[in-house]
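In the UniProt record's numbering, the protein residues as written are 1 to 346.
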Amino acid sequence: MGKKWRAWTILLFVGLGLVGWAASRQLGREPLVYDDEQKGLKKQIIIYFSHVVAENTPKGLAAQKFAELVEQKTNGRVKVEVFPNGSLYSDGEELDALLRGDVQMIAPSFSKVTELVPEWQVLDLPFLFRDEDDVRRVFTGKVGAELLRMLEAKGIKGLAFWSNGFKQMMSTTRPLIAHDDFRGLRFRIMPSEVIEKQFRLLGGEPVAVSFDRVYQELEQHKFDGQENTISNIYSKGFYKFQPYITISNHGYLGYAVMMNQSFWDSLPKDIQQKITEAMAEATRWNLEQSKEQNERELKQLERREDVFLYRLSEEEKRKWEQKFAPLYDEFTRQFGSGLLNEIRGS
1 MGKKWRAWTI LLFVGLGLVG WAASRQLGRE PLVYDDEQKG LKKQIIIYFS HVVAENTPKG
61 LAAQKFAELV EQKTNGRVKV EVFPNGSLYS DGEELDALLR GDVQMIAPSF SKVTELVPEW
121 QVLDLPFLFR DEDDVRRVFT GKVGAELLRM LEAKGIKGLA FWSNGFKQMM STTRPLIAHD
181 DFRGLRFRIM PSEVIEKQFR LLGGEPVAVS FDRVYQELEQ HKFDGQENTI SNIYSKGFYK
241 FQPYITISNH GYLGYAVMMN QSFWDSLPKD IQQKITEAMA EATRWNLEQS KEQNERELKQ
301 LERREDVFLY RLSEEEKRKW EQKFAPLYDE FTRQFGSGLL NEIRGS
C-alpha cells in the first residue's frame with residue numbers, strides 16, 4: 001500500500017508540474033491583452049511588431065527604438081517584440097495578418113497601403129516632395145492626420161509615418177540618365193499602380209517583387225534595375241549586383257506605422273497614452289536618423305571602386321518631371337486635386 005501511495009503521489013506531482021510547465025510556455029508565447037479584472041496578476045501586454053527589412057535600416061532601428069521606449073514608459077507593463085526581415089510575416093502577408101488580428105503592429109510601405117486606400121497613391125507620385133523638410137511638414141501636419149484617418153474605416157489605427165529616405169535608380173548595365181536609358185530594361189518595383197506606370201512611361205518593363213525576395217532574384221539575374229533608398233541599397237548589398245546608381249531623389253520611401261484597431265481599443269487609456277508618447281519620440285528620432293544614415297552610407301558607396309554614381313543635374317531632373325506629368329493628370333482625374341494641392345501647398 002505504501003509503495004502504491006508513493007507511486008500515485010509521484011505521478012500527481014509530475015502531472016501538476018507538466019501542466020504548470022505547459023501553462024508557463026503558453027503564457028510566454030501568446031500575446032496577452034490587459035484585463036481590468038485581473039490587475040492583481042500584473043499580466044504583461046505583448047505586442048508583436050512585424051516588418052520585412054533589416055534591423056540596421058531606418059525602419060528596423062526605429063522599431064527597436066520604439067520597443068525600448070514603450071518598455072521604459074510603461075515600466076515593463078508592455079513589451080513590444082520586434083520581428084525583422086520578414087521572420088514572422090512576409091511583405092505580402094503582413095497586412096492581411098494585421099487585419100485578421102494575428103499580429104498587432106506592422107509598418108508597410110505607402111505602396112502597400114494603396115491596396116486598402118487608393119488615395120494613398122498620391123505618395124508614390126515622383127517628385128512629390130522637394131526635400132526632407134518638405135516631407136516633415138506634410139506628415140506632421142493636416143495632410144498626415146487626414147491620411148491616417150482614412151485607415152480607420154479599414155479597422156486600422158494609424159500611428160505615425162516613418163522615413164527610409166529618397167529613392168535612387170539602379171542598373172546592372174549602365175547609368176540611367178536619359179529616358180532612352182530605361183528602354184527595354186526589366187525593373188523590380190514594389191506593387192504599386194503609380195510606380196508601374198512611372199517605369200512604363202520611361203520605356204522600362206516593371207515587375208512587382210516583394211522586398212524579401214529582391215536579393216535572391218538579383219542573384220538569379222531576374223531584373224536589370226530597380227529604385228531604392230541608399231540605406232536599403234547599402235544594408236542589403238544590392239550594389240554588388242547593380243553597381244550603376246543614379247542619385248535622382250525622384251521618389252520617397254516611407255512607412256505607415258499601424259496597429260490593429262480592435263487591439264488598440266482593448267488597451268487601457270493610460271497604456272494608449274504611453275504608446276502614443278513613445279511613438280512620437282521614436283518618429284522624431286527616425287526622421288533625423290534616416291537622413292543621417294542615408295548620407296553616411298552614400299559616402300561609403302562613393303568610396304567603393306566597384307560602384308559608379310551619377311548625380312542628376314537640375315536640368316535632367318526637370319526633363320524627368322516633364323516625362324512624369326501624365327501621372328499627376330491621371331491621379332487628379334481619379335481622385336480630384338484636393339489632396340494633391342494640400343500636399344503641394346503645405
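Cβ atoms here follow ideal geometry from the backbone N, Cα and C, with glycine treated the same way.
Asked, Found
"List, from N- to C-terminal side, the beta strand (DSSP E) runs of 3 residues or more that fit wholly inside the segment 167-206.", "186-189"
"Exposed or buried, S337, counting other C-beta atoms within 10 Å across all chains shown (16 or more means buried)?", "exposed"
"Check whether the Cβ atoms of T173 and D224 lie closer than 8 Å to each other.", "yes"
"Determine the DSSP secondary structure at M150, reduced to helix, strand or coil.", "coil"
"Spatial neighbours of G204 within its chain, please: C-beta separation below 6 Å, excluding the five flanking residues on both sides.", "F182, L185, F187"
"At 3 residues or longer, what runs of the beta strand (DSSP E) sit wholly inside the segment 40-80?", "45-50"
"With distances taken Cα to Cα, identify the nearest neighbour of S231 among A145, I156, N286, L88.", "N286"
"I need the straight-line Cα distance from L312 to S248, nearest angstrom please.", "6 Å"
"With which residues is Y255 paired in a DSSP beta bridge?", "S109, W162"
"Please go through the same chain and pick out, in chain order, the residues whose beta-carbon is closer than 6 Å to the beta-carbon of V117, but skip the five residues on each side of it.", "M150"
"With 8 Å set as the bound, which would you pick, yes or no: does the beta-carbon of Q300 sit closer than that to a beta-carbon of chain D?", "Of the protein chains in the structure, only one exists, and it is not chain D."
"Scan the segment 287-313 and note each continuous beta strand (DSSP E) run of 3 residues or more that stays entirely inside, going in chain order.", "308-311"
"In whole angstroms, what is the alpha-carbon distance linking R25 and Q220?", "Only weak support exists for where R25 lies, its pLDDT of 35 falling under 50; the value from the coordinates is given anyway. So the two alpha carbons sit approximately 41 Å from each other."
"Would you check if the segment 98-105 and the segment 45-62 touch, i.e. whether three or more CB-CB distances between them fall below 8 Å?", "yes"
"Report the option in T74, S111, L147, L202 whose CA atom is closest to the CA atom of G92.", "S111"
"Going by DSSP, name the residue or residues bridged to V82.", "F49"
"Using only CA atoms, which one of G60, V80, K319 lies nearest to L69?", "V80"
"I need the straight-line Cα distance from K65 to I245, nearest angstrom please.", "30 Å"
"Can you find at least 3 beta carbon pairs, one from the segment 160-172 and one from the segment 287-296, that sit closer than 8 Å?", "yes"
"Taking buried to mean at least 16 other C-beta atoms within 10 Å of its own C-beta, is P326 buried or exposed?", "exposed"
"Let's see if you can read the secondary structure: which residues bound the alpha helix (DSSP H) around Q261?", "261-266"
"Looking only at its chain, what residues have a beta carbon closer than 6 Å to the beta carbon of F324, apart from the 5 residues adjacent to it on each side?", "P126"
"Does DSSP classify K323 as helix, strand or coil?", "helix"
"Alpha carbon to alpha carbon, what distance is there between E316 and K197?", "20 Å"
"My assumption, with CB atoms under 8 Å, is that I271 sits in contact with R77. Please give the rounded CB distance.", "7 Å"
"By the three-class DSSP mapping on this structure, what secondary structure does S248 have?", "strand"
"Note down, in chain order, each residue of its chain lying with its Cβ closer than 6 Å to the Cβ of N294, except the 5 sequence neighbours on either side.", "G165, I230, S231"
"Give the straight-line distance between the Cα atoms of W264 and E152, rounded to the nearest whole angstrom.", "12 Å"
"When DSSP labels each residue in this structure, what does Y34 get in the three-state scheme?", "Annotation note: pLDDT 40 at Y34 (below 50); position unreliable, coordinate value reported separately. It is coil, neither helix nor strand."
"Spatial neighbours of L218 within its chain, please: C-beta separation below 6 Å, excluding the five flanking residues on both sides.", "F241"
"Distance check for Q226 and K167, CA to CA, integer angstroms please.", "10 Å"
"Could you tell me the boundaries of the alpha helix (DSSP H) in which Q216 lies?", "214-219"
"If I measure Cβ to Cβ from Q300 and keep anything under 8 Å in the same chain, skipping five residues before and after, which residues do I get?", "Y234"
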